[in-house]
Amino acid sequence: MASEIETDLDKTHSVFPAKARTTRFMGDSAGPLFDVRFRDDLASLLAWRRDVRHFRRDPVGEDVVAELLATAQLAPSVGNSQPWRFVRIRSAALREDLARHVDGEAERAGEAMADRRQAYAALKLHGLREAPEILAVFCDDATEIGAGLGAATMPQTREWSVVMAIHTLWLAARARGLGLGWVSIAEPETVMALLDMPQAWRFVALLCLGEPVEADEVPELERRGWQARLDWRANVSER
1199 MASEIETDLD KTHSVFPAKA RTTRFMGDSA GPLFDVRFRD DLASLLAWRR DVRHFRRDPV
1259 GEDVVAELLA TAQLAPSVGN SQPWRFVRIR SAALREDLAR HVDGEAERAG EAMADRRQAY
1319 AALKLHGLRE APEILAVFCD DATEIGAGLG AATMPQTREW SVVMAIHTLW LAARARGLGL
1379 GWVSIAEPET VMALLDMPQA WRFVALLCLG EPVEADEVPE LERRGWQARL DWRANVSER
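So in our numbering, spot 57 of the sequence shown is number 1255, and the numbers just go up one at a time.
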């Protein structure tokens, strides 16, 4: 089974780009010095991250895909277990199977929307047929990497680690002018069966990756009046 899901990316990519290796360091500390300009750029990157649904069909270069996945490998993980497993969907038939499945789930979800059904129907919920790259992401709950450190009382931290890797990939893609869309209306057991994944793996995400058709200053769900972003204070409390 393992040989069937190995990537065909055969180039070696350093997880630390050349620029990072020449960064100034702070005094006697081991950390690099990130100046105001870098912090502003990081804030801009975070603000311009989008959940993309509309993609151009132009292919993403193999070297770019490899670099993005190498960057995702830098994500934090419980016990350094690195439990994320990225599977590239290269089969056109599997892609269409996934798209049809998601279409069905979207239709069922719309029926439960009641007074927001019309607004829901107007949303484009996935780019599985257009995006040049489709990634299915799983958590390997049986991994021996990290020897179970930190996961004994909270095994779900492995799955959270996978989400951190996805977010790292998301930002790395945006920094390259690429968009990523998380298709969240897939049914896990169906995806597992369609892709014939190992039982020890748990489905986490279905991702579309590619060049976005547009890049609007205001995220789509805000433009369409679905949900505005809250002020950060609304999500912070004290005890």
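The C-beta atom is built at its ideal place from N, Cα and C for all residues, glycine as well.
Just so you know, these numbers come straight off a predicted model, no measurement behind them.
Next on the checklist: Using the Cβ count rule (16 or more neighbours within 10 Å means buried), how would you classify R1446?
Outcome noted: Examination of residue 1446 is not possible in this model, given that the chain is present from 1199 through 1437 alone.
Next on the checklist: Relative to the C-alpha of L1378, which candidate in D1313, G1325, V1285 and E1303 has its C-alpha closest?
Outcome noted: G1325
Next on the checklist: Going by DSSP in three states, A1334 sits in which element: helix, strand or coil?
Outcome noted: Looking at A1334 - three-state DSSP - the assignment turns out to be strand.
Checklist entry - Where does the unbroken beta strand (DSSP E) through W1399 begin, and where does it stop? => result W1399 to G1408
Checklist entry - On the premise that S1359 lies in contact with S1242, defined as a C-beta separation below 8 Å, what is that separation, rounded to the nearest angstrom? => result About 26 Å separates the beta carbons of S1242 and S1359, which is beyond the 8 Å limit, so they are not a contact pair.
Checklist entry - Between the stretch 1302–1315 and the stretch 1358–1372, do at least 3 Cβ pairs fall closer than 8 Å? => result no
Next on the checklist: Please classify E1204 as buried or exposed, where buried requires at least 16 other C-beta atoms within 10 Å of its C-beta.
Outcome noted: Confidence in E1204 is poor, its pLDDT being 45 and thus under 50, which makes the residue's placement unreliable; the coordinate value appears in the next sentence. Around the Cβ of E1204, a 10 Å sphere holds fewer than 16 other Cβ atoms; the residue is exposed.
Item to check | Where V1343 falls, given that 16 or more other Cβ within 10 Å makes a residue buried | outcome: Reading off the sequence, residue 1343 comes out as Ile, not Val. It counts as exposed.
Checklist entry - Anyone know if the C-beta pair for A1363 and A1270 falls short of 8 Å? => result Yes; because the gap between Cβ atoms is below 8 Å, this pair is in contact.
Item to check | Residue nearest to G1408 in terms of C-alpha spacing, selected from D1233, V1361 and R1254 | outcome: R1254
Checklist entry - Between E1303 and A1340, what straight-line distance do the alpha-carbon atoms span, to the nearest angstrom? => result 29 Å
Item to check | Residues near H1299 by beta carbon distance below 8 Å, same chain, minus five either side | outcome: A1384, E1385, T1388, V1389 and L1392, listed in sequence order.
Item to check | For V1234, the first and last residue of its enclosing alpha helix (DSSP H) | outcome: V1234 to W1246
Next on the checklist: With H, G and I counted as helix, E and B as strand and the rest as coil, what does DSSP make of R1374?
Outcome noted: Correct three-state label for R1374: coil.
Next on the checklist: Pull the bridge partners of W1380 from the DSSP assignment, please.
Outcome noted: L1405
Next on the checklist: On the DSSP letters alone, give me the boundaries of the beta strand (DSSP E) that V1285 sits inside.
Outcome noted: Boundaries of the beta strand (DSSP E) around V1285: W1282 to R1286.
Checklist entry - In this structure, does DSSP put P1396 in helix, strand or coil? => result Under the three-state reduction of DSSP, P1396 is assigned to coil, being neither helix nor strand.
Item to check | Distance, G1277 Cα to D1338 Cα | outcome: Each residue's alpha carbon lies about 14 Å from the other.
Checklist entry - For P1301, which three-state DSSP category applies? => result A quick correction: the sequence has Asp, not Pro, at residue 1301. D1301: helix per DSSP, three-state reduction.
Checklist entry - Nearest CA to the CA of Y1318: which residue from G1229, A1432, L1419 and D1429? => result L1419
Checklist entry - Which residue comes first and which comes last in the alpha helix (DSSP H) that contains E1260? => result E1260 to A1270
Checklist entry - Nearest to E1412 by CA position, among L1376, V1335 and E1357, is which residue? => result L1376
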